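Below is one structure, written out as structure tokens, with a few remarks after it.
Numbering (UniProt numbering), first residue to last: 1 to 93.
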């Protein structure tokens with residue numbers, strides 16, 4: 001079964017998500033941005049979600065995690081929880 005490790009930042013608006021993505025792309029630390037801004041409890045851990053298999057996350061999230069290149073910030077990705085920035089840190093197929 002395919003597995004991945006990823007980290008994410010969850011915020012309420014697409015605009016905030018875009019703002020944070022721009023900051024990360026300009027050199028800001030993903031983990032610190034997650035700690036300072038994410039509304040998900042994983043924010044305390046720099047957005048780290050640990051390891052999970054295909055189908056364990058909501059579909060929109062899952063689709064990105066199992067197709068995106070490694071270590072490239074993806075998003076905004078809209079789910080019922082809000083808007084996510086995602087970074088896949090490893091994947092085993």
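No residue lacks a Cβ here, since even glycine has one placed at the ideal position from N, Cα and C.
Bear in mind that the values here come from a model prediction, so they are computed numbers and not experimental data.
Taking residue 81 as reference, the option from 2, 6, 14 with the minimal CA-CA separation is 14. Looking at 7, 1, 75, the one whose alpha-carbon comes closest to that of residue 49 is 7.
Contact check for residue 68 and residue 88: beta-carbon distance about 5 Å, within the 8 Å limit, so the pair qualifies. Between the region 38-46 and the region 63-77, the count of Cβ pairs shorter than 8 Å is below three; the stretches do not touch. With fewer than 16 other Cβ atoms inside 10 Å of its own Cβ, residue 2 counts as exposed.
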